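Chemist:
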Ligand SMILES: C[S@@+](CC[C@H](N)C(=O)[O-])C[C@H]1O[C@@H](n2cnc3c(N)ncnc32)[C@H](O)[C@@H]1O
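Residue numbers (this note's numbering): 11 to 218.
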């Protein structure tokens, strides 16, 4: 079984626990609300690895009449997202296989989804994101900082999930190489169940 199959099995099994923890998780909701300041009325938004629809829900609630397309490979997550965000268009699909027309979106959300990709898959995804964003289109990208990669159990899953941590400077360079300029970076400590701290990184960026 490859890393993605194993990861999606874990998300399918623990989707409800994930949703309970993260649908209204203050420190992440604050970041999304901050990003919504960059969103315009009637914007067309793509949310990749949308999970139970936590980010899409905030977008739905922002009152800017935006349309959101959410994609996730976990059937159970998509099922929850359908219930949580009735206005969104949702597809159960691998984010490595997406195909859209160039310049289709005003904003793209990559909220803690690149953490499940290999380095090569992440670079390919950013290349696609750059093509799918309109000029001055906005990117929301979050990930955990570090150099680790491998399988881990987490607070929401006893089943192992593949996690890839990234260095902020490396991500910045990949974005820059794809014509995406940084608007803002916020780093925030995330307390792990074992008492250690992980650094979450939130990048707001713009297609040139
Ligand atoms: C950490 S959760 C993030 C969910 C939500 N975006 C958030 O910020 O809370 C990662 C999500 O990515 C999905 N995922 C992982 N690999 C994927 C892939 N290759 N294609 C589509 N979805 C994937 C998982 O099913 C899971 O819902």
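Cβ atoms here follow ideal geometry from the backbone N, Cα and C, with glycine treated the same way. Predicted model only: the values in this text are computed from it and were never measured.
Figure out for me which residue from 12, 192, 46 and 109 has the closest Cα to the Cα of residue 139.
Modeler: Numbered from 1 along the chain shown, position 129 holds the residue referred to as residue 139. When each option's Cα is compared against that of residue 139, the closest is 109.
Chemist: Any contact between the segment 172-179 and the segment 22-29? By contact I mean 3 or more CB pairs, one from each, below 8 Å.
Modeler: no
Chemist: What is the C-beta distance between residue 59 and residue 105, in whole angstroms, given that I count them as a contact (C-beta under 8 Å)?
Modeler: Mapped onto the chain shown, residue 59 falls at position 49. Mapped onto the chain shown, residue 105 falls at position 95. The C-beta distance from residue 59 to residue 105 rounds to 6 Å, short enough to meet the 8 Å contact threshold.
Chemist: Assuming the contact rule is C-beta atoms closer than 8 Å, residue 127 and residue 135 should be a hit. Round their C-beta distance to whole Å, please.
Modeler: Mapped onto the chain shown, residue 127 falls at position 117. Mapped onto the chain shown, residue 135 falls at position 125. Right, their Cβ atoms sit about 6 Å apart.
Chemist: When you measure from the CB of residue 129 to every non-hydrogen atom of ligand 2, does any distance come out below 8 Å?
Modeler: Judged by which ligands are present, ligand 2 is missing from the structure shown, whose ligands are ligand 1.
Chemist: Cutting at 6 Å between CB atoms, please list the residues of its own chain near residue 54, excluding the five before and the five after it.
Modeler: For the purposes of this step, residue 54 is identified with residue 44 of the chain shown, where counting begins at 1. So the qualifying residues of the chain are 77, 115 and 116.
Chemist: Quick check on residue 71: buried or exposed, where buried means 16 or more other Cβ atoms within 10 Å of its Cβ?
Modeler: Within the chain shown, residue 71 is the residue found at index 61, counting from 1. Residue 71 should be labelled exposed.
Chemist: To the nearest angstrom, how far is it from the Cα of residue 49 to the Cα of residue 65?
Modeler: Taking the chain shown and counting its residues from 1, one reaches residue 49 at position 39. Taking the chain shown and counting its residues from 1, one reaches residue 65 at position 55. Between the C-alpha atoms of residue 49 and residue 65 there is a straight-line separation of about 13 Å.
Chemist: Please indicate yes or no: does the CB of residue 174 lie closer than 8 Å to some heavy atom of ligand 1?
Modeler: For the purposes of this step, residue 174 is taken as residue 164 along the chain shown, with counting starting at 1. No, the Cβ of residue 174 stays beyond 8 Å of every heavy atom of ligand 1.
Chemist: Starting from residue 68 and walking both ways along the alpha helix (DSSP H), at which residues does that stretch end?
Modeler: Indexing the chain shown from 1 puts residue 68 at position 58. Looking at the DSSP string, the run of the alpha helix (DSSP H) that includes residue 68 is 64-71.
Chemist: By the 10 Å Cβ neighbour count, where 16 or more other Cβ atoms means buried, how is residue 79 classified, buried or exposed?
Modeler: Taking the first residue of the chain shown as position 1, residue 79 is located at position 69. So residue 79 ends up on the buried side.
Chemist: Given the structure, does residue 94 come close to ligand 1, in the sense that its CB is under 8 Å from one of the ligand's heavy atoms?
Modeler: The residue you call residue 94 lines up with position 84 of the chain shown. Checking every heavy atom of ligand 1 against the Cβ of residue 94, none is found closer than 8 Å.
Chemist: What's the C-alpha gap between residue 167 and residue 18?
Modeler: Residue mapping note: residue 167 aligns to position 157 of the chain shown, counting from 1. Residue mapping note: residue 18 aligns to position 8 of the chain shown, counting from 1. Between residue 167 and residue 18, the C-alpha separation is close to 11 Å.
Chemist: Let me know the alpha helix (DSSP H) ranges lying completely inside the segment 165-213, each 4 residues or longer, listed in chain order.
Modeler: Entirely contained in the segment 165-213, the alpha helix (DSSP H) runs reaching 4 residues are, in chain order, 178-187.
Chemist: Considering only their Cβ atoms, is the gap separating residue 118 from residue 57 smaller than 9 Å?
Modeler: Residue numbering aside, residue 57 sits at position 47 when the chain shown is read from its first letter. Residue numbering aside, residue 118 sits at position 108 when the chain shown is read from its first letter. Yes; because the gap between Cβ atoms is below 9 Å, this pair is in contact.
Chemist: Answer yes or no: do residue 174 and residue 159 have a C-beta to C-beta separation smaller than 9 Å?
Modeler: The sequence position of residue 174 within the chain shown is 164, counting from 1. The sequence position of residue 159 within the chain shown is 149, counting from 1. Yes, they are a contact pair.
Chemist: With H, G and I counted as helix, E and B as strand and the rest as coil, what does DSSP make of residue 12?
Modeler: Counted from its first residue, the chain shown places residue 12 at position 2. Here residue 12 sits in coil by DSSP.
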